[in-house]
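Visitor: Terminal number for the sequence shown in our numbering: 634, no gaps in between.
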Amino acid sequence: MSDNTTIAPTQHNILPEQVVFVYNTNKSGSQEVAEYYQSKRNLPNENLIGLAIDVPESQTIATNCEPVMSEADYLYQIENPLLTALENLGTDFFSDGTKSIWVIILGFGIPLSYDYNGETIVIASRLHRLGHPVQHKYPNHTFDRRGNFKFFDDTDASEVFITAILDGPTVSSVKKLIDRSLDVDNQTFITGDIFIDPYGRKETIEDLTYQQNILDFITEESANLSLNIKSTVDIDDPYQEPTVNYFSHDSFYWGWFNQTFSKQLFLNQNERRVFLYNADDKSACNIHFLQNDSPFDENGSDLWCNIAINIEPGYASCAGSVSDPGSDAFLTPIPFFQALHQGASLGEAYLFASKYVSWKTVLIGDPLLVVNFPVDIPKTQDTTFTLLPNDEIILQEKLIIEESLAWGSRQSRLLNDVVDHVVDSHNFDEELNLLYSTNTWRRLSQESSQTDLYLSIVSEWARYIQKTTNLTVDQWLNLHNEKITSRLSDILTQTGSSSDLVFSSGFWQFEFRFVHSELTLENIHFTLEVSRFADFFSSVFNLSTLTDTTGWSYEGQPFFFVQLPNDGFPSNFSGRKVKFKSLVSQYLRPTEVFYVRWTAISSSGIPFSETDTKRIIITT
15 MSDNTTIAPT QHNILPEQVV FVYNTNKSGS QEVAEYYQSK RNLPNENLIG
65 LAIDVPESQT IATNCEPVMS EADYLYQIEN PLLTALENLG TDFFSDGTKS
115 IWVIILGFGI PLSYDYNGET IVIASRLHRL GHPVQHKYPN HTFDRRGNFK
165 FFDDTDASEV FITAILDGPT VSSVKKLIDR SLDVDNQTFI TGDIFIDPYG
215 RKETIEDLTY QQNILDFITE ESANLSLNIK STVDIDDPYQ EPTVNYFSHD
265 SFYWGWFNQT FSKQLFLNQN ERRVFLYNAD DKSACNIHFL QNDSPFDENG
315 SDLWCNIAIN IEPGYASCAG SVSDPGSDAF LTPIPFFQAL HQGASLGEAY
365 LFASKYVSWK TVLIGDPLLV VNFPVDIPKT QDTTFTLLPN DEIILQEKLI
415 IEESLAWGSR QSRLLNDVVD HVVDSHNFDE ELNLLYSTNT WRRLSQESSQ
465 TDLYLSIVSE WARYIQKTTN LTVDQWLNLH NEKITSRLSD ILTQTGSSSD
515 LVFSSGFWQF EFRFVHSELT LENIHFTLEV SRFADFFSSV FNLSTLTDTT
565 GWSYEGQPFF FVQLPNDGFP SNFSGRKVKF KSLVSQYLRP TEVFYVRWTA
615 ISSSGIPFSE TDTKRIIITT
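(1) Which stretch, first to last residue, makes up the alpha helix (DSSP H) that contains G361?
(2) I need the straight-line Cα distance from S240 to V117, nearest angstrom please.
(3) Under the assumption that R143 contacts Y152 (Cβ atoms under 8 Å), give the Cβ distance between them as a whole number of angstroms.
(4) Excluding sequence positions up to five away, which residues of its chain have a Cβ less than 6 Å from the Cβ of S44?
(5) My output table needs one value for E411: the three-state DSSP class, helix, strand or coil.
(6) Using the beta-carbon count (16 or more within 10 Å), is F580 buried or exposed?
(7) Evaluate V610 with the Cβ neighbour count: other Cβ atoms within 10 Å of its Cβ, from every protein chain shown; 16 or more gives buried, anything less gives exposed.
(8) Closer than 8 Å is the cut-off here; do at least three beta carbon pairs connect the stretch 331-345 with the stretch 281-292?
(9) On the criterion of 16 or more Cβ atoms from any shown chain inside 10 Å, does A358 qualify as buried, or is it exposed?
(10) If you check the beta carbons only, do I210 and W268 fall under 8 Å apart?
(11) How many Å lie between Y50 and F231 at the Cα?
(12) Using the rule of at least 16 other Cβ atoms within 10 Å of the residue's Cβ for burial, across every protein chain shown, is V47 buried or exposed?
(13) For T177, which of H302, T218, I28, D307 has the nearest alpha-carbon?
(14) Locate the beta strand (DSSP E) running through S53, then write down its first and last residues.
(15) Pick from L97, G182, Q577, Y568: whose alpha carbon is nearest that of V529?
(16) Report the rounded CA-to-CA distance for K54 versus L485, giving the unit in angstroms.
(17) Comparing C-alpha positions only, which one of S519, S588, H150, V576 sits nearest to V598?
(18) Locate the beta strand (DSSP E) running through F209, then write down its first and last residues.
(19) Among all the DSSP beta bridges, which residues are the ones paired with S245?
(20) With a 10 Å radius around its C-beta and 16 neighbouring C-beta atoms as the bar for buried, classify S186 as buried or exposed.
(21) Where do the N-terminal and C-terminal ends of the beta strand (DSSP E) with E333 fall, by residue?
(22) Ordered along the chain, which non-local residues of its own chain (more than five positions away) have a Cβ less than 6 Å from that of T613?
(23) Alpha carbon to alpha carbon, how far is N102 from K595? Give it in angstroms, no decimals.
(24) What are the complete beta strand (DSSP E) segments, minimum 3 residues, inside the stretch 523-573?
(25) To the nearest whole angstrom, what separates the beta carbons of S372 and R194, a pair I think is in contact under 8 Å?
(26) Return the CA-CA distance between C299 and C319, expressed in angstroms with no decimal places.
(27) Are I479 and H539 closer than 8 Å when you measure CB to CB?
(28) Using 8 Å for Cβ pairs, my map puts T559 next to L535. What's the rounded Cβ distance?
(29) If we call anything under 8 Å between Cβ atoms a contact, is L383 one with D129?
(30) Keeping to the same chain, check which residues put their C-beta closer than 7 Å to that of H263; ignore five residues upstream and five downstream.
(31) Rank I301, F303, S265, S315 by C-alpha distance to the C-alpha of F275 and give the top, closest one.
(32) Have a look at H494 and F574 and give me their C-alpha separation to the nearest angstrom.
(33) With the cut-off set at 8 Å, would you say P125 and I179 are in Cβ contact?
(34) Could you check whether I219 and L419 sit closer than 8 Å to each other, using their CB atoms as the reference points?
(35) If you drop the 5 nearest sequence neighbours on each side, which residues of the same chain put their C-beta closer than 6 Å to that of N324?
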């Protein structure tokens, strides 16, 4: 590819003036790479930042991905001088004003990681939160924008930077990465396949959750991209050997569990290779490796990003970790590909797929890369960003967390029942064969294990309330006449927050939005059926506002509920929410599944067409 390749800036949500490229003044060729990137992306001269970083040459080719910097050296040589340089460019870290810089790229010859109390931290990942207090494995507020998509903006930039590294064993290898990015940008559309490995280790709940994320991508999202999906194993039988013997016609690879691979399995092809991700330990190590003028291991077994960078034709980008980040911190495929499909840059898509920042995973490649897919975004895919009232966002997050906790409690109870059944069977062979596996499942699904999983989520929810409303969780709940479940309260306490506003065990409520389809002005009544059966073969409760409006309310004003009058819901309030809160006599058994069906009826008891059914589980 010739050096005069250019890219139309209009393709990008991110402007060249919002990108800084950091190079190492102590590394031969590092400034050359920075200037090469500058020429391709039209960065201003002042956005090239040179830092004097002392890294022993022997460490730059380390094969075991040891941290090449101490924390003290990292702070002195990289973080502090970079912070000063950005402040000189006008980036304000400590106000609500706009940020002039959104993207930080680390170039050739900059160390990959540093040591923090025995933990290996990726420098680029730490720089996501440059200018903020240090907190490793920090929850990323931009994570997963499905259904509420927006491009990266000033609000996002006040919390996180987009970061990436452009590095490799040689100057020429890094220039090739840059050229490949431009090739992808200029491609009319990508034509290669997506190779994906849905199965890996199954040791923890987080492992199983991640496996399901990949399976959901295959079944729900991949068709929207109009690219062929090739699973490396039989989806119907995950215990079979891989169904592909080599990679050909590949534009994407997404996998986990296998740490090393052979470069021989990537065949020559004409399709552009765009992005490779392997979620396991050390897949981003060895990117500086060079021995006897070769970047590859003489035994033919290399780590994934090393292969992606150095094969021909190679990948334009890859992502991986320097040590095990935990399966809860693996990149999530659906928000990544949805963001790319909607026109987001690679750096944005990577960030939106990252649950945590300041941790162990890194993007290697040009963050401004944009992928053109064969078809436009399907009309059925929600790409709009509708700004909900902040209180509504907080409430919806609360409800989603509580619903998830309720299902976890149900799973735990059912598994306890299974273990008890096995023990009570008095069949020695049955007990011997089943007890170990069932007890293992029970251990993994215990509420204590689930609590660990939800700590960061609940902590971020509480932090969001404080940040956006300047209220504690308890103050916000009291202001809006809301409560939380006991499970959520228990987890909240462990985050350092607390609330005494807790629902009683067995309490339930049901909320729906009523839209009147009739061309009449009248009062509307509602029936509510509760059943253990999806077909409502029999009912636990049959409630009607015609006879009793106790526990019923509606939105008199958005988000503020008032008692439903005895004469019914005014149809001129069509589009607002209706809510029922259970009385003590109507409490249900926690962890049981119930079905709730509401129907709109006239004052004379005649049903309208408006009706809906929802499956619920009562939260403990």
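We put the CB at the ideal spot given by N, CA and C, even for glycine.
Note that this is a predicted model, so its numbers are computed, not measured.
Guide: In this structure, then:
(1) Within the sequence shown, residue 361 is the residue found at index 347, counting from 1. That run of the alpha helix (DSSP H) goes 360-366.
(2) Taking the sequence shown and counting its residues from 1, one reaches residue 240 at position 226. Taking the sequence shown and counting its residues from 1, one reaches residue 117 at position 103. Rounded to whole angstroms, S240 to V117 spans 30 Å at the Cα level.
(3) Working through the sequence shown from its first residue, we reach residue 143 at position 129. Working through the sequence shown from its first residue, we reach residue 152 at position 138. About 6 Å separates the two Cβ atoms, so the contact holds.
(4) Residue 44 sits at position 30 when you count from the first residue of the sequence shown. Taking S44 as the centre and dropping the five residues before and after it, the same chain places the C-beta of Y37, N38, G121, F122, G123 closer than 6 Å to its C-beta, in chain order.
(5) The residue you call residue 411 lines up with position 397 of the sequence shown. Three-state result, E411: helix.
(6) On the sequence shown, residue 580 is found 566 positions in, with the first residue counted as 1. Before going on, a small fix: residue 580 reads as Asn here, not Phe. With fewer than 16 other Cβ atoms within 10 Å, it is exposed.
(7) As a first step, residue 610 must be located in the sequence shown, where it is residue number 596. A residue is called buried when at least 16 other Cβ atoms come within 10 angstroms of its Cβ; V610 meets this threshold and is buried.
(8) Yes, the stretch 331-345 is in contact with the stretch 281-292.
(9) Along the sequence shown, one-based indexing puts residue 358 at 344. Classification of A358: buried, given that the 10 Å Cβ count is 16 or more.
(10) As a working note, residue 210 is residue 196 in the sequence shown. As a working note, residue 268 is residue 254 in the sequence shown. Closer than 8 Å, so yes.
(11) Locating residue 50 in the sequence shown gives position 36, counting from the first residue. Locating residue 231 in the sequence shown gives position 217, counting from the first residue. Distance between Y50 and F231, taken at the CA atoms: about 37 Å.
(12) The sequence position of residue 47 within the sequence shown is 33, counting from 1. Sixteen is the threshold: when 16 or more other Cβ atoms of the shown chains lie within 10 Å of the Cβ of V47, as they do, the residue is buried.
(13) Position 163 of the sequence shown, counted from the start, is the residue given in the question as residue 177. The shortest CA-to-CA distance from T177 to any of H302, T218, I28, D307 is the one to I28.
(14) One-based indexing of the sequence shown puts residue 53 at position 39. From DSSP, S53 is part of no beta strand (DSSP E) but of the alpha helix (DSSP H) over 44-55.
(15) To locate residue 529, count along the sequence shown from 1; it is residue 515. Looking from the CA of V529, the closest CA among L97, G182, Q577, Y568 belongs to Y568.
(16) Along the sequence shown, read from residue 1 onward, the residue named residue 54 stands at position 40. Along the sequence shown, read from residue 1 onward, the residue named residue 485 stands at position 471. Their backbone Cα atoms lie some 47 Å apart in a straight line.
(17) Walking along the sequence shown from the start, residue 598 turns up at place 584. Residue S519 is the option with its Cα nearest to V598.
(18) Residue numbering aside, residue 209 sits at position 195 when the sequence shown is read from its first letter. Here the beta strand (DSSP E) through F209 covers 207-210.
(19) Counted from its first residue, the sequence shown places residue 245 at position 231. Note: S245 sits in a beta bridge opposite I210.
(20) Sequence index remark: in the sequence shown, residue 186 carries index 172 (1-based). With a threshold of 16 other beta carbon atoms within 10 Å, S186 falls short and is exposed.
(21) Within the sequence shown, residue 333 is the residue found at index 319, counting from 1. Reading off the sequence, residue 333 comes out as Ala, not Glu. Its beta strand (DSSP E) spans residues 329-335.
(22) Translated into positions along the sequence shown, residue 613 becomes position 599. These residues qualify, in order along the chain: T541, P621, T625.
(23) On the sequence shown, residue 595 is found 581 positions in, with the first residue counted as 1. On the sequence shown, residue 102 is found 88 positions in, with the first residue counted as 1. Between the alpha carbons of K595 and N102 lies a distance of about 56 Å.
(24) Given a length threshold of 3 residues, each whole run of the beta strand (DSSP E) inside the stretch 523-573 is given here in chain order: 523-527, 537-545, 555-558, 566-571.
(25) Looking up residue 372 in the sequence shown gives position 358. Looking up residue 194 in the sequence shown gives position 180. Their Cβ separation, rounded to whole angstroms, is 28 Å, which puts S372 and R194 out of contact at 8 Å.
(26) For the purposes of this step, residue 299 is taken as the residue at position 285 of the sequence shown. For the purposes of this step, residue 319 is taken as the residue at position 305 of the sequence shown. Near 7 Å, if we compare the C-alpha coordinates of C319 and C299.
(27) Here residue 479 refers to the residue found at position 465 when the sequence shown is read from its first residue. Here residue 539 refers to the residue found at position 525 when the sequence shown is read from its first residue. No, the pair does not count as a contact, with Cβ atoms beyond the cut-off.
(28) Numbered from its first residue, the sequence shown carries residue 559 at position 545. Numbered from its first residue, the sequence shown carries residue 535 at position 521. Under the criterion of beta carbons closer than 8 Å, T559 and L535 do not qualify as touching, at roughly 18 Å.
(29) As a working mapping, residue 383 is identified with position 369 in the sequence shown. As a working mapping, residue 129 is identified with position 115 in the sequence shown. By the CB criterion at 8 Å, L383 and D129 fall outside the cutoff.
(30) Taking the sequence shown and counting its residues from 1, one reaches residue 263 at position 249. Excluding its 5 nearest sequence neighbours in each direction, H263 has C-beta neighbours in its own chain below 7 Å: G206, D207, Q283, E285, listed in chain order.
(31) In the sequence shown, counting from the first residue as 1, residue 275 sits at position 261. Nearest in C-alpha terms to F275, of all of I301, F303, S265, S315, is S315.
(32) Walking along the sequence shown from the start, residue 494 turns up at place 480. Walking along the sequence shown from the start, residue 574 turns up at place 560. Counting only the Cα atoms, F574 lies some 7 Å from H494.
(33) As a first step, residue 125 must be located in the sequence shown, where it is residue number 111. As a first step, residue 179 must be located in the sequence shown, where it is residue number 165. Taking 8 Å as the cut-off, the Cβ atoms of P125 and I179 do not count as close.
(34) Position 405 of the sequence shown, counting from 1, holds the residue named residue 419. Position 205 of the sequence shown, counting from 1, holds the residue named residue 219. No, the Cβ-Cβ distance between L419 and I219 is not below 8 Å.
(35) Within the sequence shown, residue 324 is the residue found at index 310, counting from 1. Around N324, the same chain offers P309 as residues with beta carbons nearer than 6 Å, after the five sequence neighbours per side are excluded.
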